[in-house]
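A.B. asks:
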Amino acid sequence: MFGCAGDHDLPVLEVAPRLATRTFVPLAARPTPVTSLLGERVWIKRDDLVSPRYGGNKVRRWEWLLGDARAKGATTLVTVGGLGSTQMTSLSAHAGASGFRVVGVLFDQPWTPFVDEALALDEHFGAKILRAGGYVRTAIETLRTMRRERGAVLIPPGASGPLANVAYVDAMLELGRQVERGELPRPDRIVVACGSGGTAVGLALGAAILGWPTVVVAVRITDLIASNPLTLGALTLGTKRLLFREGLEKRRLDVRLEMDHRFIGKGYGYSTPAAEAGAKRFESVFGAAGEVTYSGKAFAALERIVEEHPSEMILFWNTLSTTGRAQGMFG
Ligand SMILES: *Cc1c(COP(=O)(O)O)cnc(C)c1O
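Numbering (the numbering used here), first residue to last: 313 to 643.
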């Protein structure tokens with residue numbers, strides 16, 4: 313189950329070959345499909361289908377992060393997120409199946425049917441859940457848990473970081489291969505939900521490595537303190553440095569990353585009328601339940617951006633799983 317990255321056909325290894333020796337846990341079905349909407353002007357990258365167990369944008373990240381935890385000899389992973397955190401659900405699904413124990417310290421967030429579904433899935437996948445309450449108590453509970461669970465690896469909220477972000481540099485190079493094969497035209501603009509920002513940063517760096525003029529629009533779905541130009545800038549720099557260390561040829565990389573702050577509303581997890589409408593549109597396009605925290609806001613942004621840029625080819629990079637979810641059970 314644990315091998316090294318070099319055992320797999322990952323396009324990022326062609327540009328940063330020293331990554332090949334990293335411990336790697338293969339979880340993703342790649343490449344994920346691309347499909348068109350609105351004729352040929354809007355396309356979707358289906359990272360919801362990256363795994364039948366539970367898809368979405370965390371799966372590619374776990375391949376590297378679980379590998380790293382394994383290389384460090386860890387058997388327990390502690391993570392932190394909201395009650396309805398997809399990171400918690402995804403980690404429970406994938407790390408649990410890879411032999412890790414998963415403990416989640418979860419903070420309160422607005423209650424929705426999606427939160428119910430997430431908690432039920434976390435339990436179904438065998439994770440241990442600690443409900444901590446507010447942010448301060450969550451921080452204290454996390455420290456306590458780390459002290460109790462000797463040798464555990466902590467996966468912070470959002471799970472972004474240089475190594476995690478390599479996953480979406482690789483995903484962008486995967487899209488590059490799909491464009492090369494003629495499966496879709498090269499996108500002028502990519503719209504993606506932005507929490508901690510690792511997905512958007514990885515995609516923007518990948519586009520720069522490809523030499524594409526593509527703009528990545530990070531639609532902010534979490535609070536400004538956790539996700540802003542400074543945090544994204546720091547992630548970009550850290551990821552670039554890691555790639556250079558791992559053998560990426562030193563050169564100027566023209567990273568075109570923009571943030572869209574218009575759809576966040578009151579904050580992470582809070583619904584807005586636009587997010588409700590976006591979630592419904594998501595449902596009609598994907599034939600699976602949407603929700604208001606991630607996909608609703610990102611899809612609302614997509615519709616606006618498509619109107620604002622009528623001559624561009626726009627790609628929606630879907631981050632929300634449509635697999636492994638108890639469709640219909642939770643409303
Ligand atoms: C985690 C998550 C995001 C945010 O991804 P980041 O890389 O942290 O910005 C967006 N959408 C969904 C569905 C997620 O689970």
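By construction, the Cβ of each residue, glycine as well, lies at the ideal position given by its N, Cα and C atoms.
If I'm right that Arg532 touches Asp572 with Cβ under 8 Å, what's the distance once you round it to whole angstroms?
C.D. replies: As a working mapping, residue 532 is identified with position 220 in the sequence shown. As a working mapping, residue 572 is identified with position 260 in the sequence shown. Confirmed, about 7 Å.
A.B. asks: Flag this pair as yes or no: are the beta carbons of Asp359 and Ala600 separated by less than 9 Å?
C.D. replies: Mapped onto the sequence shown, residue 359 falls at position 47. Mapped onto the sequence shown, residue 600 falls at position 288. In this structure, Ala600 does not lie closer than 9 Å to Asp359 by Cβ.
A.B. asks: Spatial neighbours of Ala612 within its chain, please: CB distance less than 7 Å, with the 5 preceding and 5 following residues excluded, ordered by chain position.
C.D. replies: As a first step, residue 612 is located in the sequence shown; it is residue number 300 there, counting from the start. If we look at Ala612 and ignore the five residues flanking it on each side, its Cβ neighbours are Phe575, Ala586, Ala587, Ala589 and Gly590.
A.B. asks: Report yes or no: do three or more beta-carbon pairs, one from the segment 487-494 and one from the segment 602-622, lie closer than 8 Å?
C.D. replies: no
A.B. asks: In the DSSP assignment, find the alpha helix (DSSP H) that holds Gly488 and state where it starts and stops.
C.D. replies: In the sequence shown, counting from the first residue as 1, residue 488 sits at position 176. Annotation for Gly488: the continuous alpha helix (DSSP H) segment containing it runs Pro474 to Glu492.
A.B. asks: Along the beta strand (DSSP E) that carries Lys357, what are the first and last residues, could you check?
C.D. replies: Here residue 357 refers to the residue found at position 45 of the sequence shown. Run containing Lys357: Val354 to Arg358, per the beta strand (DSSP E) assignment.
A.B. asks: Helix, strand or coil, according to DSSP, for Leu455 in the structure here?
C.D. replies: For the purposes of this step, residue 455 is taken as the residue at position 143 of the sequence shown. Here DSSP, grouped into helix, strand and coil, assigns Leu455 to helix.
A.B. asks: Output the distance between the C-alpha atoms of Arg413 and Gly559, rounded to the nearest integer angstrom.
C.D. replies: Locating residue 413 in the sequence shown gives position 101, counting from the first residue. Locating residue 559 in the sequence shown gives position 247, counting from the first residue. So the alpha carbons of these two residues sit roughly 33 Å apart.
A.B. asks: Out of curiosity, what's the CA-to-CA distance linking Gly379 and His406?
C.D. replies: If you number the sequence shown from 1, residue 379 lands on position 67. If you number the sequence shown from 1, residue 406 lands on position 94. So the alpha carbons of these two residues sit roughly 12 Å apart.
A.B. asks: Is Tyr366 near ligand 1 - that is, is its Cβ less than 8 Å away from at least one heavy atom of it?
C.D. replies: Counting from one through the sequence shown, the residue named residue 366 turns up at place 54. Annotation for Tyr366 indicates a beta carbon at 8 Å or more from all heavy atoms of ligand 1.
A.B. asks: Just curious, the beta strand (DSSP E) that Lys440 is in, first and last residue?
C.D. replies: In the sequence shown, the residue the question calls residue 440 occupies position 128. Note, Lys440: beta strand (DSSP E), Lys440 to Gly445.
A.B. asks: Checking the sheet assignment: what are the DSSP bridge partners for Arg413?
C.D. replies: Taking the sequence shown and counting its residues from 1, one reaches residue 413 at position 101. Beta-bridge pairing links Arg413 to Thr388.
A.B. asks: Can you check which of these residues, Arg493, Gln399 and Met458, is closest to Thr387 by C-alpha distance?
C.D. replies: As a first step, residue 387 is located in the sequence shown; it is residue number 75 there, counting from the start. That would be Met458, whose Cα lies nearest to the Cα of Thr387.
A.B. asks: For Arg604 and Gly581, I'd like the C-alpha separation in whole angstroms.
C.D. replies: Within the sequence shown, residue 604 is the residue found at index 292, counting from 1. Within the sequence shown, residue 581 is the residue found at index 269, counting from 1. Just to set this straight, residue 604 is Val in the shown sequence, not Arg. Taking the straight line joining both Cα atoms gives about 7 Å.
A.B. asks: If you draw a straight line from the alpha carbon of Thr454 to that of Val427, how long is it in whole angstroms?
C.D. replies: In the sequence shown, counting from the first residue as 1, residue 454 sits at position 142. In the sequence shown, counting from the first residue as 1, residue 427 sits at position 115. So the alpha carbons of these two residues sit roughly 21 Å apart.
A.B. asks: If you run the structure through DSSP and keep just helix, strand and coil, what is Thr335?
C.D. replies: In the sequence shown, residue 335 corresponds to position 23, counting from 1. The answer is strand: DSSP assigns Thr335 an E or B state.
A.B. asks: I need the DSSP call for Asn630, collapsed to helix, strand or coil.
C.D. replies: One-based indexing of the sequence shown puts residue 630 at position 318. Reduced to three states, the DSSP call for Asn630 is strand.
A.B. asks: Could you give the uninterrupted runs of the beta strand (DSSP E) lying entirely in the segment 559-591, keeping only those of 3 residues or more?
C.D. replies: 569-572
A.B. asks: By DSSP, does Leu349 sit in helix, in strand, or in coil?
C.D. replies: Here residue 349 is taken as the residue at index 37 of the sequence shown, counted from 1. It is a strand residue.
A.B. asks: According to DSSP, what are the bridge partners of Phe419?
C.D. replies: To locate residue 419, count along the sequence shown from 1; it is residue 107. DSSP lists Gly394 and Gly445 as partners of Phe419.
A.B. asks: When burial is assigned at 16 or more other CB atoms within 10 Å of the CB, is Val448 buried or exposed?
C.D. replies: Residue mapping note: residue 448 aligns to position 136 of the sequence shown, counting from 1. With fewer than 16 Cβ atoms within 10 Å of its Cβ, Val448 is classed as exposed.
A.B. asks: So, are the CB atoms of Val478 and Thr584 less than 9 Å apart?
C.D. replies: In the sequence shown, counting from the first residue as 1, residue 478 sits at position 166. In the sequence shown, counting from the first residue as 1, residue 584 sits at position 272. No, the pair does not count as a contact, with Cβ atoms beyond the cut-off.
A.B. asks: Does DSSP put Arg532 in a helix, a strand or coil?
C.D. replies: Residue numbering aside, residue 532 sits at position 220 when the sequence shown is read from its first letter. Note: Arg532 maps to strand in three-state DSSP.
A.B. asks: Identify the continuous alpha helix (DSSP H) that holds Leu549 and give its terminal residues.
C.D. replies: Against the sequence shown, residue 549 aligns to sequence position 237. Run containing Leu549: Pro541 to Arg557, per the alpha helix (DSSP H) assignment.
A.B. asks: For Val465, name the three-state secondary structure that DSSP assigns.
C.D. replies: The count along the sequence shown starts at 1 and reaches residue 465 at position 153. Residue state, collapsed to three classes: strand.
A.B. asks: Can you tell me which of Leu325, Ala430, Ser404 and Cys316 puts its alpha carbon nearest to the alpha carbon of Pro280?
C.D. replies: The structure shown does not extend to residue 280, since the chain spans only 313 to 643, so no value can be given for it.
A.B. asks: Does DSSP put Val604 in a helix, a strand or coil?
C.D. replies: Here residue 604 refers to the residue found at position 292 when the sequence shown is read from its first residue. Val604 sits in coil when the DSSP states are folded into three classes, being neither helix nor strand.
A.B. asks: Just checking Gln399 against ligand 1 - is the residue's beta carbon closer than 8 Å to any of the ligand's heavy atoms?
C.D. replies: Taking the sequence shown and counting its residues from 1, one reaches residue 399 at position 87. Yes, the Cβ of Gln399 comes within 8 Å of a heavy atom of ligand 1.
A.B. asks: Can you check which of these residues, Tyr606, Asp535 and Asp566, is closest to Lys578 by C-alpha distance?
C.D. replies: Your numbering for residue 578 matches position 266 in the sequence shown. It is Asp535.
A.B. asks: On a Cα-Cα basis, can you pick out the residue from Glu352, Ala340 and Arg330 that is closest to Pro497?
C.D. replies: Position 185 of the sequence shown holds residue 497. It is Glu352.
A.B. asks: Any contact between the segment 496-510 and the segment 466-485? By contact I mean 3 or more CB pairs, one from each, below 8 Å.
C.D. replies: yes
A.B. asks: Quick check: Gly707 and Ala464, are their CB atoms within less than 9 Å of each other?
C.D. replies: The first residue shown for the chain is 313 and the last is 643, placing residue 707 beyond what the model contains.
A.B. asks: So is Arg342 buried or exposed if we call it buried at 16+ other beta carbons inside 10 Å?
C.D. replies: Walking along the sequence shown from the start, residue 342 turns up at place 30. Buried is the call here.
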